[in-house]
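K.L.:
Pasting in a structure now, in structure tokens, and then I'll have a few things to ask.
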Amino acid sequence: MQNTLSGAHNQSNGHAAKADTANGLRALFVNELKDIYWAENALTKAIPEMVKNATSEELVAALTGHLEETKEHVKRLEEVFSLIKEKAEAKKCEAMAGLIKEAEEIMKSTEKGVVRDAGIILAAQKVEHYEIATYGTLFSFAKTLGEDKAAELLQKTLSEEVGADVHLTEIAEAFINIEAMEAA
Ligand SMILES: [Fe+2]
Ligand SMILES: [Fe+2]
């Protein structure tokens, strides 16, 4: 690996390479924070659309509850940016934009009722899994970079994403899959 960082003080030992890696990891961390910041903001607009399209009371309640958590996730990310002394900036997350588009297509192509509800759960769980993967990684990065307070906040959000995912599975298993079958 080429060292570009330590200039005159570079003794070309392992230290410089280590500093390179730390800086590279930090840049990746910040970049990924911007990505999920965009994604969470986009979700505060996408989840209400899912709520409007859902019919099951349990699903509406789950999505509404998670919308409130999502708004909190946006604020928590702003706190993380401030903790690591970076400006809170959003960078378009193509993956989340795609998942939201997919959700819209599912809602358009299904009839309102249990089948659309099942589709909304499917789409919402894809979203949650993306978030879980992202926050899991961001948590590890923050720990590695010694940003313990940021790590704590990221872990809080991570556990809420996991909770939302588990809850959606429970709703799906409890009745939607069965009702969708009966409606067919
Ligand atoms: Fe979130
Ligand atoms: Fe979420």
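Here the sequence shown is numbered in our numbering, starting from -8 and rising by one per residue.
Ideal Cβ positions, reconstructed from N, Cα and C, are used throughout, including at glycine.
Note that the structure is a prediction, hence the values are computed from the model and not measured.
Do Arg17 and Leu136 have their CB atoms nearer than 8 Å?
P.N.:
The count along the sequence shown starts at 1 and reaches residue 17 at position 26. The count along the sequence shown starts at 1 and reaches residue 136 at position 145. Yes, the pair counts as a contact, with Cβ atoms nearer than the cut-off.
K.L.:
Quick check: what's the CA-CA separation for Glu170 versus Glu164?
P.N.:
Working through the sequence shown from its first residue, we reach residue 170 at position 179. Working through the sequence shown from its first residue, we reach residue 164 at position 173. Taking the straight line joining both Cα atoms gives about 10 Å.
K.L.:
Applying the criterion that 16 or more other CB atoms from any shown protein chain within 10 Å of the CB defines a buried residue, is Asn14 buried or exposed?
P.N.:
By one-based count along the sequence shown, residue 14 stands at place 23. That one is exposed.
K.L.:
Check whether the stretch 59 to 66 touches the stretch 83 to 99, taking contact to mean three or more Cβ pairs, one atom from each stretch, closer than 8 Å.
P.N.:
No: fewer than three Cβ pairs fall under 8 Å.
K.L.:
Work out the CA separation of Lys66 and Leu74 for me, nearest whole Å.
P.N.:
Taking the sequence shown and counting its residues from 1, the one referred to as residue 74 is at position 83. Taking the sequence shown and counting its residues from 1, the one referred to as residue 66 is at position 75. Approximately 12 Å between the Cα atoms of the pair.
K.L.:
Ligand 1 heavy atoms versus the CB of Glu31: any closer than 7 Å?
P.N.:
Here residue 31 is taken as the residue at index 40 of the sequence shown, counted from 1. Indeed, a heavy atom of ligand 1 lies less than 7 Å from the Cβ.
K.L.:
First and last residue of the alpha helix (DSSP H) that includes Ser150?
P.N.:
As a working mapping, residue 150 is identified with position 159 in the sequence shown. Here the alpha helix (DSSP H) through Ser150 covers 139 to 162.
K.L.:
Could you check where the alpha helix (DSSP H) with Ile111 kicks off and where it finishes?
P.N.:
The residue you call residue 111 lines up with position 120 of the sequence shown. Where Ile111 is concerned, the enclosing alpha helix (DSSP H) stretches over 105 to 135.
K.L.:
Look at the alpha carbon of Tyr121 and the alpha carbon of Ala8, and state the distance between them as a whole number of angstroms.
P.N.:
Residue numbering aside, residue 121 sits at position 130 when the sequence shown is read from its first letter. Residue numbering aside, residue 8 sits at position 17 when the sequence shown is read from its first letter. Whole-angstrom Cα-Cα distance: 32 Å.
K.L.:
Between which two residues does the alpha helix (DSSP H) containing Ser73 stretch?
P.N.:
Here residue 73 refers to the residue found at position 82 of the sequence shown. Where Ser73 is concerned, the enclosing alpha helix (DSSP H) stretches over 48 to 74.
K.L.:
Comparing alpha-carbon positions, which option in Phe20, Glu119, Leu54, Lys147 lies nearest Lys77?
P.N.:
Within the sequence shown, numbered from 1, the residue matching residue 77 stands at position 86. For the record, residue 77 in the displayed sequence is Glu; it is not Lys. Out of Phe20, Glu119, Leu54, Lys147, Phe20 has the C-alpha closest to the C-alpha of Glu77.
K.L.:
Looking only at its own chain, which residues have a Cβ that is under 6 Å from the Cβ of His6, when we skip the five neighbours before and after it?
P.N.:
On the sequence shown, residue 6 is found 15 positions in, with the first residue counted as 1. So the list is empty, once near-sequence residues are dropped.
K.L.:
On the CB-based measure, 16 or more other CB atoms within 10 Å of its CB, does Ala124 come out buried or exposed?
P.N.:
Start at 1 with the first residue of the sequence shown, and residue 124 comes out as number 133. By the neighbour-count rule (16 or more Cβ atoms within 10 Å), Ala124 is not buried but exposed.
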